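**Student:** Protein chains in written order, with UniProt numbering: chain L, 1 to 273; chain H, 1 to 273.
Backbone N, C-alpha and C define an ideal beta-carbon position, used for all residues, glycine too.
Note that the structure is predicted; figures quoted are calculated from it, not measured.
Input: one structure, supplied below.
Number of protein chains: 2
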Amino acid sequence: MKFKRTERIGAIVKILSDNPNKIYTLSYFTEQFNAAKSTISEDLLVVKNVFEKLHLGKVITISGAAGGVKYIPKTSKEENAEFLIDLCNRINDSERLLSGSFLYLIDLIYDPGIASRIGKIFASNIDYSDADYVVTMETKGIPMALMTANAMNLPLVIIRKDIKVSEGPTLSMTYASGNNGKLESMSLPRRALKPNSKVIIIDDFMRGGGTIKGMIDLMKEFNAEVAGIGVFISMMKPEKKMVEDYISLIQLDVEGDEIIVKPNRDILEGTEE
Amino acid sequence: MKFKRTERIGAIVKILSDNPNKIYTLSYFTEQFNAAKSTISEDLLVVKNVFEKLHLGKVITISGAAGGVKYIPKTSKEENAEFLIDLCNRINDSERLLSGSFLYLIDLIYDPGIASRIGKIFASNIDYSDADYVVTMETKGIPMALMTANAMNLPLVIIRKDIKVSEGPTLSMTYASGNNGKLESMSLPRRALKPNSKVIIIDDFMRGGGTIKGMIDLMKEFNAEVAGIGVFISMMKPEKKMVEDYISLIQLDVEGDEIIVKPNRDILEGTEE
Chain L
1 MKFKRTERIG AIVKILSDNP NKIYTLSYFT EQFNAAKSTI SEDLLVVKNV
51 FEKLHLGKVI TISGAAGGVK YIPKTSKEEN AEFLIDLCNR INDSERLLSG
101 SFLYLIDLIY DPGIASRIGK IFASNIDYSD ADYVVTMETK GIPMALMTAN
151 AMNLPLVIIR KDIKVSEGPT LSMTYASGNN GKLESMSLPR RALKPNSKVI
201 IIDDFMRGGG TIKGMIDLMK EFNAEVAGIG VFISMMKPEK KMVEDYISLI
251 QLDVEGDEII VKPNRDILEG TEE
Chain H
1 MKFKRTERIG AIVKILSDNP NKIYTLSYFT EQFNAAKSTI SEDLLVVKNV
51 FEKLHLGKVI TISGAAGGVK YIPKTSKEEN AEFLIDLCNR INDSERLLSG
101 SFLYLIDLIY DPGIASRIGK IFASNIDYSD ADYVVTMETK GIPMALMTAN
151 AMNLPLVIIR KDIKVSEGPT LSMTYASGNN GKLESMSLPR RALKPNSKVI
201 IIDDFMRGGG TIKGMIDLMK EFNAEVAGIG VFISMMKPEK KMVEDYISLI
251 QLDVEGDEII VKPNRDILEG TEE
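What follows is the structure, encoded as structure tokens:
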């Protein structure tokens, strides 16, 4: 089959966009579209332009034997600001108030579109260049952790709370939950991580940081290094967390009937070009 | 900013592809690209061609006041066959055998790329035209259910096993688990589903069908109608399931050290054009 220029470009955009951080060789495209290398090279220049002009991320060229092009999702500061401000407005709704100063948020954090945007923001603000896995703990963080793993092109690892789960030999640990200081358990199959891995930890929520601290400790048991931590919502109180070096997208405080919620300034003014 | 034809086409492909089943008006694109309606109409014809020629799904035009174009992900039978056969080969590995005839599969089903493909296959084989939600039960089905919800452009609802979870007033139910007939519990916040909803149930695994049967019963308590059921792996035994009218992608049997695994013929010879 022969393809017109416009068709090839549309197709290349689709392939790269569906497979973030995956390297495609020039030969892959020449075979796919039955076209010369020079033709595909020109196409790729246009594709790069599309992504940059519309702030859709970057398409970069990797040279060498294992070379080719890959798409790196990268959200712009303006886009992030707009998205997070809108999300904060939706969170700031007294109908979301549950007893115990909790908020009903699962309609938002389980939403595939929102989870996908959150994943792209984490991928734009956390350095995952050496990372081997994205790690989260069940349950509410799974959708955004999966979308983060998708944007980073990394496998996802889910820590379970239930130690009865049968996934072969499993490493279990207790930790003090931030909510009430109660001892809770977390567990992960021995073979879930290869030795000496680097991991990115993603979770939906942080109060004191006890759960994330537990996850970091569990990673040590696997000889894994934590290369970055991303949290969707962090509570303003307590100010002192059990964890340092994390990024959070939204800061939250609930006092009685009052909800205080705002995007984290670090993300809005972040380190992007 | 002005855009060249090729750039507009690349950008339209990206926008549609990132947002399956979402309707975009002609005006959206004319404003985005500062171009005339006739120009965008021509672009859209090319875009439609790209998707059809490469079997990437369909871009359809919706007429009327709320009209526009939308992208419907649709996988081809050939693609599905190739993907599922490869997956079966990876499942058929004696190193995956756990005690109790279980298989270690979480490295596969938590993989974002695999979950995404599974989601698109479900979206290609289940009629979700009237559906309001994708529903799953924690934990292992969540990644593929999220990707299914993403492909269908529907919100995801996750049933919890833990009835202590604080998400406001919650409806809980016990059901007989297929594994051992033991009574287990499932729960869902009252406000997770709006009244008289239609739902698509997605789960990773089915032996006797007890869990899915429980989910169907729970849906009745919410006055919700189950419009379709998709299961990733169904065990060949018992042949008689507690549930009818489901589709499964892969059939599995484990006898001692022997793993029998194959794609479901219905999917390979499915109802697609």
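Looking only at its chain, what residues have a beta carbon closer than 6 Å to the beta carbon of Thr271/H, apart from the 5 residues adjacent to it on each side?
**Tutor:** On the second sequence, residue 271/H is found 271 positions in, with the first residue counted as 1. Because Thr271/H sits at a pLDDT of 49, beneath the cut-off of 50, its placement in the model cannot be relied upon, and the following sentence gives the value as read from the coordinates. None.
**Student:** Select from the stretch 226-240 of chain L all residues with a C-beta closer than 8 Å to any C-beta belonging to chain H, and list them in chain order.
**Tutor:** Listed in sequence order: no entries.
**Student:** Can you pull out the residues from the stretch 65-79 of chain H whose beta carbon lies closer than 8 Å to at least one beta carbon of chain L?
**Tutor:** If the cut-off is 8 Å between Cβ atoms, the stretch 65-79 of chain H has nothing near chain L.
**Student:** Helix, strand or coil: how does DSSP classify Gly230/L here?
**Tutor:** Taking the first residue of the first sequence as 1, we reach residue 230/L at position 230. The answer is strand: DSSP assigns Gly230/L an E or B state.
**Student:** Going by the CB atoms, is the gap between Val231/L and Leu103/L shorter than 8 Å?
**Tutor:** Walking along the first sequence from the start, residue 103/L turns up at place 103. Walking along the first sequence from the start, residue 231/L turns up at place 231. No; because the gap between Cβ atoms is not below 8 Å, this pair is not in contact.
**Student:** Just to confirm my understanding: we take Ile91/H, look at its own chain, exclude 5 residues before and 5 after, and list those with CB closer than 6 Å. What are they?
**Tutor:** The residue you call residue 91/H lines up with position 91 of the second sequence. Once the five neighbours on either side are set aside, the close Cβ partners of Ile91/H are Val261.
**Student:** Give a yes or no on whether 8 Å exceeds the smallest Cβ distance from Ser166/H to chain L.
**Tutor:** Your numbering for residue 166/H matches position 166 in the second sequence. Chain L contact via Cβ: present.
**Student:** Sorted by chain position, which residues of the same chain lie with C-beta nearer than 6 Å to Arg117/H's C-beta, five sequence neighbours on each side aside?
**Tutor:** Along the second sequence, one-based indexing puts residue 117/H at 117. If we look at Arg117/H and ignore the five residues flanking it on each side, its Cβ neighbours are Phe83.
**Student:** At a cut of 8 Å, does the stretch 50-62 of chain L reach the stretch 212-226 of chain L through at least three beta carbon pairs?
**Tutor:** Touching, no.
**Student:** Where does Met206/L land, buried or exposed, given buried means 16+ other C-beta within 10 angstroms?
**Tutor:** Along the first sequence, one-based indexing puts residue 206/L at 206. Burial call: buried.
**Student:** Determine the chain H residues that contact Pro102/L at a beta-carbon separation under 9 Å, and present them in chain order.
**Tutor:** Your numbering for residue 102/L matches position 102 in the first sequence. Looking at the sequence shown, residue 102/L is not Pro but Phe. Correct list: Ser166, Glu167, Gly168.
**Student:** Of all the CB atoms in chain L, is at least one closer than 8 Å to the CB of Lys53/H?
**Tutor:** Taking the second sequence and counting its residues from 1, the one referred to as residue 53/H is at position 53. Yes, Lys53/H counts as interfacial toward chain L.
**Student:** When burial is assigned at 16 or more other CB atoms within 10 Å of the CB, is Gly214/H buried or exposed?
**Tutor:** Reading the second sequence from its first residue, position 214 is the one you call residue 214/H. Label assigned to Gly214/H: buried.
**Student:** Apart from the five residues just before and just after residue 347/H, which ones in its own chain have a Cβ nearer than 6 Å to its Cβ?
**Tutor:** For residue 347/H there is no data in the structure shown, the boundaries of chain H being 1 and 273.
**Student:** Taking all protein chains shown into account, decide if Asn6/H is buried (16 or more other Cβ within 10 angstroms of its Cβ) or exposed.
**Tutor:** Along the second sequence, read from residue 1 onward, the residue named residue 6/H stands at position 6. The sequence given here places Thr at residue 6/H; Asn does not occur at that position. Under this definition Thr6/H is a buried residue.
**Student:** Between the Cα of Phe29/H and the Cα atoms of Gly209/H, Leu183/H, Arg8/H, which residue gives the shortest distance?
**Tutor:** Here residue 29/H is taken as the residue at index 29 of the second sequence, counted from 1. For the residues Gly209/H, Leu183/H, Arg8/H, the minimum Cα distance to Phe29/H belongs to Arg8/H.
**Student:** Pick out whichever of Met147/H, Lys140/H, Pro195/H has its Cα sitting closest to the Cα of Asp18/L.
**Tutor:** In the first sequence, residue 18/L corresponds to position 18, counting from 1. If we check each option's Cα against that of Asp18/L, Met147/H comes out closest.
**Student:** Can you confirm whether the stretch 104-111 of chain L touches the stretch 188-196 of chain L when touching is taken to mean that 3 or more C-beta pairs between the two stretches lie within less than 8 Å?
**Tutor:** Flag = no, the stretch 188-196 of chain L and the stretch 104-111 of chain L do not touch.
**Student:** Taking all protein chains shown into account, do 16 or more other C-beta atoms lie within 10 angstroms of the C-beta of residue 275/L, making it buried, or fewer, making it exposed?
**Tutor:** Because chain L in this structure spans residues 1 to 273, residue 275/L falls outside the shown range and cannot be described.
**Student:** Thr139/H: buried (16+ other C-beta within 10 angstroms of its C-beta) or exposed?
**Tutor:** The count along the second sequence starts at 1 and reaches residue 139/H at position 139. That one is buried.
**Student:** When the Cα of Met236/H is compared with those of Pro263/H, Lys70/H, Ile212/H, which residue comes out closest?
**Tutor:** Here residue 236/H corresponds to residue number 236 of the second sequence, with the count starting at 1. Taking only the C-alpha atoms, the option nearest Met236/H is Pro263/H.
**Student:** Once DSSP output is grouped into helix, strand and coil, what is the label at Leu84/H?
**Tutor:** Residue mapping note: residue 84/H aligns to position 84 of the second sequence, counting from 1. Residue state, collapsed to three classes: helix.
**Student:** Going by DSSP, which residues form a beta bridge with Phe29/L?
**Tutor:** As a working note, residue 29/L is residue 29 in the first sequence. For Phe29/L, which the question treats as bridged, DSSP gives no partner whatsoever.
**Student:** Can you check whether the C-beta of Ile9/L is within less than 8 Å of a C-beta belonging to chain H?
**Tutor:** The sequence position of residue 9/L within the first sequence is 9, counting from 1. Yes, because at least one Cβ of chain H sits closer than 8 Å to the Cβ of Ile9/L.
**Student:** Provide the residue span of the alpha helix (DSSP H) that contains Pro189/H, from first to last.
**Tutor:** For the purposes of this step, residue 189/H is identified with residue 189 of the second sequence, where counting begins at 1. Counting along the chain, Pro189/H falls outside any alpha helix (DSSP H), though it belongs to the beta strand (DSSP E) covering 183-189.
**Student:** Suppose you measure from the CA of Leu98/H to the CA of Glu258/H; what does that come to, to the nearest Å?
**Tutor:** Your numbering for residue 98/H matches position 98 in the second sequence. Your numbering for residue 258/H matches position 258 in the second sequence. When rounded, the distance between both Cα atoms is 12 Å.
**Student:** Where does Gly265/H land, buried or exposed, given buried means 16+ other C-beta within 10 angstroms?
**Tutor:** As a position in the second sequence, residue 265/H is number 265, starting the count at 1. Correcting the residue identity first, residue 265/H is Arg in this sequence and not Gly. Label assigned to Arg265/H: exposed.
**Student:** In whole angstroms, what is the alpha-carbon distance linking Leu16/H and Asn49/H?
**Tutor:** Along the second sequence, read from residue 1 onward, the residue named residue 16/H stands at position 16. Along the second sequence, read from residue 1 onward, the residue named residue 49/H stands at position 49. Leu16/H and Asn49/H: Cα-Cα distance of roughly 14 Å.
**Student:** Quick test of the definition: if touching needs 3 or more C-beta pairs under 8 Å, does the stretch 150-166 of chain H touch the stretch 108-115 of chain L?
**Tutor:** Because the criterion of three Cβ pairs below 8 Å is met, the stretch 150-166 of chain H and the stretch 108-115 of chain L touch.
**Student:** What is the residue span of the beta strand (DSSP E) that Leu268/L lies within?
**Tutor:** In the first sequence, counting from the first residue as 1, residue 268/L sits at position 268. Taken as a continuous stretch (DSSP letters only), Leu268/L belongs to no beta strand (DSSP E), being part of the alpha helix (DSSP H) at 265-268.
**Student:** Can a CB atom of chain H be found closer than 8 Å to the CB of Met186/L?
**Tutor:** The count along the first sequence starts at 1 and reaches residue 186/L at position 186. No, because no Cβ of chain H sits closer than 8 Å to the Cβ of Met186/L.
**Student:** Identify which residue in Val135/H, Gly68/H, Phe3/H has its Cα closest to the Cα of Asn34/H.
**Tutor:** Along the second sequence, one-based indexing puts residue 34/H at 34. That would be Phe3/H, whose Cα lies nearest to the Cα of Asn34/H.
**Student:** What is the DSSP secondary structure of Ala131/L, counted as helix, strand or coil?
**Tutor:** Taking the first sequence and counting its residues from 1, one reaches residue 131/L at position 131. Of the three classes helix, strand and coil, the one that applies to Ala131/L here is coil, per DSSP.
**Student:** Go through its chain and collect everything with a Cβ distance to Gly210/H's Cβ below 7 Å, but skip five positions before and after it.
**Tutor:** Indexing the second sequence from 1 puts residue 210/H at position 210. Taken in chain order, the residues that qualify are Tyr175, Ala176, Ser177, Gly178, Met242.
**Student:** Between Asp93/H and Ala123/H, what straight-line distance do the alpha-carbon atoms span, to the nearest angstrom?
**Tutor:** Counted from its first residue, the second sequence places residue 93/H at position 93. Counted from its first residue, the second sequence places residue 123/H at position 123. Near 28 Å, if we compare the C-alpha coordinates of Ala123/H and Asp93/H.
**Student:** Using the Cα positions of Asp162/L and Met137/H, report the straight-line distance between them to the nearest angstrom.
**Tutor:** As a working mapping, residue 162/L is identified with position 162 in the first sequence. As a working mapping, residue 137/H is identified with position 137 in the second sequence. Each residue's Cα considered, the two are about 15 Å apart.
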